[in-house]
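As you go down the protein sequences, you meet chains P and L in turn.
Going by the numbering used here, the residue at position 302 of the first sequence is 372; the numbering climbs one at a time, nothing skipped.
Going by the numbering used here, the residue at position 152 of the second sequence is 158; the numbering climbs one at a time, nothing skipped.
Where is the CB? At the ideal position from N, CA and C, for every residue including glycine.
What follows is one structure encoded as structure tokens, with my remarks underneath.
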Amino acid sequence: MTTAERTKTIESYAADFSKTDGGAAWLADLRKKAWAEFEKLGFPTARRGNELWKYTDLRRLDARAFVRGEAETALSGEELRKAAPWSDEWHTAVVINVRFAPEASHNLTASDIAISDLAEAAGTQQSTVEPVLTEIAPFEDNPFVALNTALFETGLLINVNSGAELEQPVHILHVVTDGPENRAFYPRTLVIAEPGSSATIVETFINLSEGSQLTVPVLEVSLGEGANVRHFRVQLENEHSIHIGTTRTEQPADAVFESTTFATGPAIGRNDVHTNLAEEGAETTLHGLYITDGDSHQDNEISTTHQKPHGTSHQFYKGILAGKSRAVFSGKVLVQPGAMKTVAEQKDLNLLLSHGAEIDTKPSLEIYADDVKCAHGATAGHVDQSMLFYLMSRGVSREEAAMMLVTGFASEIVDEFEPEPLRDFLYAKLEQIIPALDSEGIL
Amino acid sequence: MLEVTNLHASVVDAEDGEILKGLDLKVEPGQVHAIMGPNGSGKSTFANVLAGRLDYEVTDGDIEFDGESILEMPSDERAHNGIFLAFQYPAEIPGVRPWQFLKAALDAKHEANGEDKLSVREFSKLYDSKVAEVKINPDLMKRSLNEGFSGGEKKRNEMLQLAVLQPRLAVLDETDSGLDVDAMRVVADAVNALRSPDRSFILVTHYNRLLHHITPDIVHIMADGRLVETGGPELAEEVERDGYKRFLEEHAVATS
């Protein structure tokens with residue numbers, strides 16, 4: 071793209087930046103630095119040599135001027151319960167468009183957790199927030215984290231007390247309301263799980279509009295020693311939208327982080343997860359399911375760094391691809407010198423329902439320590455005809471048999487979504503999504 | 007009930023030529039037929055062609071069920087009409103629960119025949135009683151269909167499906183292969199319990215072992231894609247004693 075075009079693209083974000091209430095002085099300062107970084111980097115381009123963005127073309131992003139969405143509160147509880155997974159027992163923090171909406175939220179106060187407005191907390195709890203924010207997800211060389219840092223409005227801070235074992239999950243429900251197209255949203259969440267605490271964090275992204283929107287979320291998870299966080303991420307977007315999500319965590323000794331994602335919908339989706347096993351005995355599990363159809367594109371950029379001995383990491387993703395859609399699995403495990411007794415496995419399995427769908431799968435291990443146990447693998451295949459015949463020979467129709475096989479393939483990941491109402495919600499989604507997938511007449 | 011005339015079949019897109027080379031068979035209601043033959047004679051191909059496997063192409067001849075050709079009928083409709091194949095190697099199907107699958111199969115059959123579906127409670131009762139009958143570990147049935155099942159457990163699961171679906175023509179493809187004595191007894195019991203004047207069986211087998219437990223009315227010897235000799239249970243005893251040598255030699259002479 072030409073310099074003039076680039077300047078024009080940046081301009082719409084610059085206008086939003088000039089309107090952003092920086093908040094506490096240190097945060098305003100941080101936002102300025104982040105903005106400068108974004109101005110310097112611009113959006114990445116898919117090209118050879120740019121390994122991180124080789125397979126994901128963002129020209130669609132350059133072609134439009136996305137303007138930050140307005141705050142809105144006109145959403146009934148009923149609408150939310152219909153569109154999103156819900157349980158009255160959960161601690162549900164609702165974020166509508168760009169702002170945390172306590173009035174739409176539910177069950178926020180509990181003895182061992184504090185859920186608050188992040189921008190506000192930057193002022194009132196500076197000593198808690200300042201040392202962590204952007205430390206785990208640095209914006210250097212990352213235009214999307216930079217953009218989010220510069221432009222997020224309220225954001226959310228979730229603090230889990232030391233040693234606390236939360237019985238109910240914290241659900242962060244991000245809602246994009248119906249409204250004009252070309253709006254942009256920058257959900258920002260900081261989770262601080264203090265030493266020895268244990269919590270389940272559910273993040274759901276739903277889009278109630280039909281037009282093209284841009285959502286750029288960033289989640290930073292700060293874990294204390296021995297803390298255990300299970301994270302479930304549900305990305306449900308409309309087919310015109312762009313969703314570039316970043317999840318980052320830093321794991322001290324014996325900290326456990328498990329993140330399972332369910333991603334479907336957008337024109338361009340990106341699920342960028344990086345975990346850093348900084349101390350001994352940390353464990354990370356990154357699992358996910360992506361379902362693509364039509365012209366959609368889902369990119370999974372999953373990486374783990376083992377810095378110290380006795381770390382364990384599991385990456386396991388599954389993809390269901392239909393129509394002319396494309397998906398990317400780029401899994402990386404980096405085992406640094408001295409990270410002995412590391413155990414790492416990577417797996418990406420894909421079910422291609424049509425001839426037009428395409429998967430680029432690239433699990434990779436980079437190992438600089440010699441006493442480790444690492445394995446990786448990837449597959450892509452069509453619906454198994456012997457399985458189809460087996461089911462049909464018992465009287466199940468071709469359509470229902472195919473539906474059972476595809477759902478069965480998905481279930482290995484969906485079954486991991488532990489809070490039952492969430493799992494039920496996802497199975498109900500699968501019942502809508504799978505029969506509608508375009509197999510181009512193969513199934 | 008079943009009438010197969012001059013059936014020729016080959017693997018789709020294969021250059022190996024025909025596997026079935028003019029097979030004739032007539033099965034009346036209530037009869038138990040055994041088809042015995044050496045490896046490669048086409049027994050399994052015939053069983054799969056009966057059930058409508060798309061890997062095979064019928065190039066000549068016909069299969070009539072209740073007086074109507076079923077060649078153009080997809081597998082699910084054949085099942086609705088009462089044809090059942092117990093597989094030699096049942097597929098392992100990740101994420102599909104045996105209960106869910108069997109309920110869907112029975113519902114589809116009832117729906118196709120204009121009958122009422124069973125309620126979940128009615129089905130569960132039927133299912134539980136049949137699980138007990140075929141002596142499958144109920145914990146196993148909470149897993150994915152056939153996944154992690156031993157050979158014997160897979161065959162028991164086939165018998166469970168047979169007992170629940172109650173077909174009119176059941177084809178057992180080498181169901182006895184690799185079974186221990188207990189599992190063999192389960193298979194035999196399942197078949198014997200279902201024997202009735204309007205239900206027929208075709209037992210496809212290499213050995214006479216299963217036929218010690220299920221006495222067939224008619225025994226056929228298959229060689230080179232055809233049924234070359236038909237008789238009573240004494241044919242099976244001859245195979246057990248002397249093997250297939252005589253049949254193969256006579257067939258070679260007859261076709262040379």
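Amino acids of chain P, ordered along the chain, whose beta-carbon sits closer than 8 Å to that of residue i
{"i": "residue 171/L", "result": "464, 465"}
{"i": "residue 60/L", "result": "455, 459"}
{"i": "residue 107/L", "result": "461, 464, 466, 474"}
{"i": "residue 150/L", "result": "478"}
Distance, residue j Cα to residue i Cα
{"i": "residue 73/L", "j": "residue 8/L", "result": "8 Å"}
{"i": "residue 26/L", "j": "residue 332/P", "result": "48 Å"}
{"i": "residue 250/P", "j": "residue 128/L", "result": "52 Å"}
{"i": "residue 272/P", "j": "residue 135/P", "result": "31 Å"}
{"i": "residue 86/L", "j": "residue 388/P", "result": "34 Å"}
{"i": "residue 337/P", "j": "residue 405/P", "result": "34 Å"}
{"i": "residue 309/P", "j": "residue 98/P", "result": "35 Å"}
{"i": "residue 123/P", "j": "residue 112/P", "result": "13 Å"}
{"i": "residue 120/P", "j": "residue 430/P", "result": "15 Å"}
{"i": "residue 440/P", "j": "residue 342/P", "result": "28 Å"}
{"i": "residue 481/P", "j": "residue 244/P", "result": "25 Å"}
{"i": "residue 321/P", "j": "residue 267/P", "result": "13 Å"}
{"i": "residue 183/P", "j": "residue 232/P", "result": "10 Å"}
{"i": "residue 302/P", "j": "residue 330/P", "result": "5 Å"}
{"i": "residue 197/P", "j": "residue 437/P", "result": "37 Å"}
{"i": "residue 400/P", "j": "residue 451/P", "result": "18 Å"}
{"i": "residue 194/P", "j": "residue 278/P", "result": "33 Å"}
{"i": "residue 113/L", "j": "residue 155/P", "result": "30 Å"}
{"i": "residue 100/L", "j": "residue 233/L", "result": "38 Å"}
{"i": "residue 58/L", "j": "residue 166/P", "result": "54 Å"}
{"i": "residue 309/L", "j": "residue 500/P", "result": "The shown model of chain L, from 7 to 262, leaves out residue 309/L, and the question about it has no answer."}
{"i": "residue 97/L", "j": "residue 397/P", "result": "28 Å"}
{"i": "residue 141/L", "j": "residue 190/L", "result": "12 Å"}
{"i": "residue 359/P", "j": "residue 334/P", "result": "9 Å"}
{"i": "residue 375/P", "j": "residue 349/P", "result": "11 Å"}
{"i": "residue 531/P", "j": "residue 355/P", "result": "Beyond the ends of chain P as shown, which are 71 and 513, falls residue 531/P; an answer cannot be given."}
{"i": "residue 170/P", "j": "residue 147/L", "result": "46 Å"}
{"i": "residue 161/P", "j": "residue 415/P", "result": "33 Å"}
Under 7 Å by beta carbon: chain L residues contacting residue i
{"i": "residue 481/P", "result": "101"}
{"i": "residue 319/P", "result": "Those within 7 Å of residue 319/P in chain L number zero; the least Cβ separation is about 29 Å."}
Identity of the residue in the options nearest residue i by Cα
{"i": "residue 296/P", "options": "357/P, 351/P, 150/P, 446/P", "result": "351/P"}
{"i": "residue 280/P", "options": "307/P, 458/P, 233/P", "result": "307/P"}
{"i": "residue 240/P", "options": "432/P, 300/P, 96/P", "result": "300/P"}
{"i": "residue 105/P", "options": "121/P, 173/P, 87/P", "result": "87/P"}
{"i": "residue 362/P", "options": "339/P, 195/P, 445/P, 287/P", "result": "339/P"}
{"i": "residue 215/L", "options": "243/L, 201/L, 62/L", "result": "243/L"}
{"i": "residue 317/P", "options": "371/P, 277/P, 364/P", "result": "371/P"}
{"i": "residue 171/L", "options": "211/L, 236/L, 92/L", "result": "92/L"}
{"i": "residue 286/P", "options": "366/P, 170/P, 213/P, 302/P", "result": "213/P"}
{"i": "residue 30/P", "options": "161/P, 110/P, 315/P", "result": "Examination of residue 30/P is not possible in this model, given that chain P is present from 71 through 513 alone."}
{"i": "residue 13/L", "options": "136/L, 29/L, 22/L", "result": "29/L"}
{"i": "residue 424/P", "options": "509/P, 312/P, 248/P", "result": "509/P"}
{"i": "residue 380/P", "options": "469/P, 386/P, 442/P", "result": "442/P"}
{"i": "residue 150/L", "options": "24/L, 108/L, 61/L", "result": "108/L"}
{"i": "residue 209/P", "options": "174/P, 294/P, 108/P", "result": "108/P"}
{"i": "residue 209/L", "options": "231/L, 203/L, 188/L, 183/L", "result": "183/L"}
Opposing strand residues paired with residue i [DSSP bridges]
{"i": "residue 451/P", "result": "421/P"}
{"i": "residue 229/L", "result": "232/L"}
{"i": "residue 163/P", "result": "242/P"}
{"i": "residue 339/P", "result": "313/P, 368/P"}
{"i": "residue 42/L", "result": "211/L, 227/L"}
{"i": "residue 66/L", "result": "14/L"}
{"i": "residue 376/P", "result": "347/P, 405/P"}
{"i": "residue 433/P", "result": "401/P"}
Chain-ordered chain L contacts of residue i [CB-CB under 9 Å]
{"i": "residue 475/P", "result": "99, 100, 101, 102"}
{"i": "residue 470/P", "result": "82, 110, 114"}
Listed by chain order, chain P residues near residue i by CB distance under 9 Å
{"i": "residue 115/L", "result": "464, 465"}
{"i": "residue 19/L", "result": "Ordered by position in chain P, no residue passes the 9 Å Cβ test against residue 19/L, which lies about 13 Å from the chain."}
{"i": "residue 37/L", "result": "Correct list: empty, because the minimum Cβ distance to chain P is about 22 Å."}
Chain P residues whose Cβ lies nearer than 7 Å to that of residue i
{"i": "residue 57/L", "result": "463"}
Test: residue i CB closer than 8 Å to a CB of chain B
{"i": "residue 220/P", "result": "Judged by its chain identifiers, the structure shown contains no chain B, and its protein chains are P and L."}
Handout entry: chain P contacts made by the region 211-239 of chain L, where a contact means CB separation under 8 Å
Key = none
Exercise for the section: Taking only beta carbons into account, state which residues of the region 431-464 of chain P come closer than 8 Å to chain L, listed in chain order. Expected result: 454, 455, 456, 457, 459, 460, 461, 462, 463, 464
Exercise for the section: Return the residues of the region 70-102 of chain L that lie within a Cβ-Cβ distance of less than 9 Å from chain P, sorted by chain order. Expected result: 80, 81, 82, 83, 84, 85, 86, 89, 90, 91, 93, 95, 96, 97, 98, 99, 100, 101, 102
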